[in-house]
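Colleague:
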Amino acid sequence: FFRVRIPTSMTTSLQDVMDACGNAVFCCFTVKEAVLAAECCTDWRKYSQEEIEDRADKWLAETSRAWAWRDLKKKPHLQFDISADELPDNKNALRYLDEVWKDQFDSPSHLLKTIAVDWCGGWPRFLHARETSAKPQPRIERGKHVEFTTLGTEDVTTVPIALIFDIHCNGRSEWCGVHPLHSDEFTATHSSRLGDDDRDTSVVYPMSTRTLGDATDASTIHPLISENKPSKYLLSTDANDTRKWNFNVSVVTPRSSETLIFSISDIAPKEVIKYISKMKRWEKDSGYSDVERWKDELEAEIREDVIDTDDKDDIEHYRMRLDSFLPDKRLLRCSELDPVTRFVVESEDAVLKGLDGDGDVRTFEPVEAQACYWLDKRNPEKKRLHLTLDYFFEDALWGGMFLNPRIKKNDGYSAPEAGNQSGRPAKRRRH
């Protein structure tokens, strides 16, 4: 599955070539190819192992710790999100997470390594999923044996659940972020255009300063994020970019292996700009009226003693944050235009299924993602398109969803196959 060009005048073996340039050859392989090479020749195993270890170290150093830290003792208007990427690699960076995370982990790097090595079956399998995608959830088919696990509604708040976000461009992995779910994300009720009634929905967005995006500086915010504007967009790229961008979301727990639950495919920035412009849906004030409303609400709450005026420093900090949203007619926003701002996978094969409280098979509301775009014309010679994404998950999903069964940690040389993983489940059910 690989070629090495050797001059005809040179009398040497392939083993000699590998001994001379093994690391240089293996760095060009995918994870799967590196593992297969080690299986072909045990003498090459050291090159495969070194390459996997190098990629693991790189992933740990570069991946986004996609959660926020905030002081929950403060009133909502005075809470300021700080990306965990900006905090030291110690226990302090876990302060915002639930006790179930803080009790088990000493630092973000400890958390990330445990997810990759222990929960996902080892570095080769985990890194392979980053290059391609995780395996989708098990499918129930009449008359066929299937293995799966569920967390159960009783345990959903006591078992750590992590979301893994991946971004690919033209099939190549470009970014990854890990987001430990927080109990706050289970408690809010949001309106959904999927139905007439409000429903309990987890709303998640990757809060990180290691994204593929530019600094948000003067931009307004995605309406669903409220005033806690992230410091960077999720993605920023040239306005003439014709490449295809894909966004995957998978879930993993200590009781299950990684399971793909949502995917957005083939977003081409140039085509997005063309469509929004054709539909004339770049917003007139780009959301700055929202900022003015927040300013008025803050001053009203101060007058009505809703906010303790003793927190003068925090109040002034919040005022400064709102004042940082500076109107700029060259920065245009589009936050609502189907189908480019709303993504719902409703095909039968992609709808997530699981068990209800009585143990019967049920179908969950489709996972939904809502995008917000900014067309940045501040540099006429280099226009940019910025993007943020909010993900919506039915709360009942986490306890009842079919998850891929837990797999044994491999020895590092078992070639991972996307969509063909096996192992012993935490629970077995037959339908």
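Be aware that the sequence shown starts at 1098, since it is given in our numbering, and climbs by one per residue.
Ideal Cβ positions, reconstructed from N, Cα and C, are used throughout, including at glycine.
Which residues in the same chain have their Cβ closer than 6 angstroms to the Cβ of residue 1160, if we skip the five residues on either side of it in sequence?
Modeller: So the qualifying residues of the chain are 1273.
Colleague: Using beta-carbon positions only, say whether residue 1128 and residue 1221 come within less than 7 angstroms of one another.
Modeller: Yes. Within cutoff.
Colleague: Checking 7 angstroms against the spacing of the C-beta atoms, do residue 1304 and residue 1158 come in under that value?
Modeller: The answer is no: Cβ separation not under 7 angstroms.
Colleague: Quick check on residue 1139: does DSSP put it in helix, strand or coil?
Modeller: If DSSP states are grouped into helix, strand and coil, residue 1139 belongs with the helices.
Colleague: Under 8 angstroms: do the segment 1438-1457 and the segment 1489-1507 share three or more Cβ pairs, one atom per stretch?
Modeller: The segment 1438-1457 vs the segment 1489-1507: in contact.
Colleague: If you run the structure through DSSP and keep just helix, strand and coil, what is residue 1502?
Modeller: Here residue 1502 sits in strand by DSSP.
Colleague: Please return the same chain residues whose Cβ sits closer than 6 angstroms to the Cβ of residue 1216, not counting the five positions on each side in sequence.
Modeller: Around residue 1216: 1349 and 1351.
Colleague: Hey, residue 1501 and residue 1333: beta-carbon distance below 7 angstroms or not?
Modeller: No.
Colleague: Roughly how far, in whole angstroms, is the beta-carbon of residue 1462 from the beta-carbon of residue 1433, given that I think they are within contact range, below 8 angstroms?
Modeller: That belief does not hold up - the Cβ atoms of residue 1462 and residue 1433 are roughly 20 angstroms apart, past 8 angstroms.
Colleague: Assign residue 1364 to buried or exposed, taking buried as 16 or more other Cβ atoms, counted over all protein chains shown, within 10 Å of its Cβ.
Modeller: Label assigned to residue 1364: buried.
Colleague: As a quick exercise: from 1242, 1489 and 1199, pick the residue whose alpha carbon is nearest that of residue 1466.
Modeller: Nearest of 1242, 1489 and 1199 to residue 1466, Cα basis: 1489.
Colleague: I'd like to know whether the C-beta atoms of residue 1439 and residue 1384 end up nearer to each other than 7 angstroms.
Modeller: Not closer than 7 angstroms, so no.
Colleague: Count the C-beta pairs between the segment 1235-1242 and the segment 1251-1267 that are closer than 8 angstroms, then say yes if the count reaches three, no if not.
Modeller: Short answer: they don't touch.
Colleague: Please go through the segment 1219-1300 and give each complete beta strand (DSSP E) segment of 3 or more residues, from N-terminal end onward.
Modeller: Listed in chain order, the complete beta strand (DSSP E) runs (minimum 3 residues) inside the segment 1219-1300 are 1259-1266 and 1269-1277.
Colleague: So, under 8 angstroms CB-CB, residue 1264 and residue 1309 are touching, yes? Tell me the CB distance rounded to an integer number of Å.
Modeller: Sure, about 6 angstroms apart at Cβ, within 8 angstroms.
Colleague: What are the start and end residues of the beta strand (DSSP E) that includes residue 1481?
Modeller: First-last of the beta strand (DSSP E) with residue 1481: 1481-1491.
Colleague: Comparing alpha-carbon positions, which option in 1142, 1133 and 1206 lies nearest residue 1153?
Modeller: Answer by Cα proximity: 1206.
Colleague: For residue 1389, is the classification buried or exposed, using 16 other Cβ atoms within 10 angstroms of its Cβ as the cut-off for buried?
Modeller: With fewer than 16 Cβ atoms within 10 Å of its Cβ, residue 1389 is classed as exposed.
Colleague: What separation, rounded to the nearest whole angstrom, lies between the Cα atoms of residue 1282 and residue 1377?
Modeller: Residue 1282 and residue 1377: Cα-Cα distance of roughly 34 angstroms.
Colleague: In this structure, how does DSSP classify residue 1200 when only helix, strand and coil are distinguished?
Modeller: Looking at residue 1200 - three-state DSSP - the assignment turns out to be coil, as it is neither helix nor strand.
Colleague: What residue from 1280, 1235, 1401 and 1306 has the CA that sits closest to residue 1254's CA?
Modeller: Nearest C-alpha to residue 1254: 1280.
Colleague: Can you give me the start and stop residues for the beta strand (DSSP E) that residue 1373 sits inside?
Modeller: No beta strand (DSSP E) holds residue 1373; the alpha helix (DSSP H) holding it covers 1366-1376.
Colleague: In angstroms, rounded to a whole number, what distance separates the CA positions of residue 1330 and residue 1126?
Modeller: The straight-line gap from Cα to Cα measures roughly 31 angstroms.
Colleague: The alpha helix (DSSP H) that contains residue 1496, what's its start and end?
Modeller: Run containing residue 1496: 1494-1497, per the alpha helix (DSSP H) assignment.
Colleague: Helix or strand or just coil, what does DSSP make of residue 1530?
Modeller: Nothing about residue 1530 can be reported from this structure: the residues present for the chain run from 1098 to 1528 only.
Colleague: Put residue 1329 into one of helix, strand or coil per three-state DSSP.
Modeller: In this structure, residue 1329 counts as strand in the three-state DSSP scheme.
Colleague: What are the partner residues of residue 1160, as DSSP defines its beta bridges?
Modeller: Partner(s): none; residue 1160 has no beta bridge.
Colleague: With H, G and I counted as helix, E and B as strand and the rest as coil, what does DSSP make of residue 1427?
Modeller: If DSSP states are grouped into helix, strand and coil, residue 1427 belongs with coil.
Colleague: What three-state label does DSSP hand residue 1337 in the structure shown?
Modeller: Three-state result, residue 1337: coil.
Colleague: Kindly indicate the opening and closing residues of the beta strand (DSSP E) around residue 1473.
Modeller: Where residue 1473 is concerned, the enclosing beta strand (DSSP E) stretches over 1465-1473.
Colleague: Residue 1386 to residue 1341, Cα distance in whole Å?
Modeller: If I take the Cα positions, the gap works out to 33 angstroms.
Colleague: When burial is assigned at 16 or more other CB atoms within 10 Å of the CB, is residue 1482 buried or exposed?
Modeller: With 16 or more Cβ atoms within 10 Å of its Cβ, residue 1482 is classed as buried.
Colleague: Residue 1204 and residue 1328 look like a contact to me (Cβ under 8 angstroms); what is the Cβ gap, rounded to whole Å?
Modeller: So it is not a contact: roughly 22 angstroms between Cβ atoms.
Colleague: What does residue 1459 pair with, by DSSP beta-bridge criteria?
Modeller: According to DSSP, which records beta bridges pairwise, residue 1459 is partnered with 1451.
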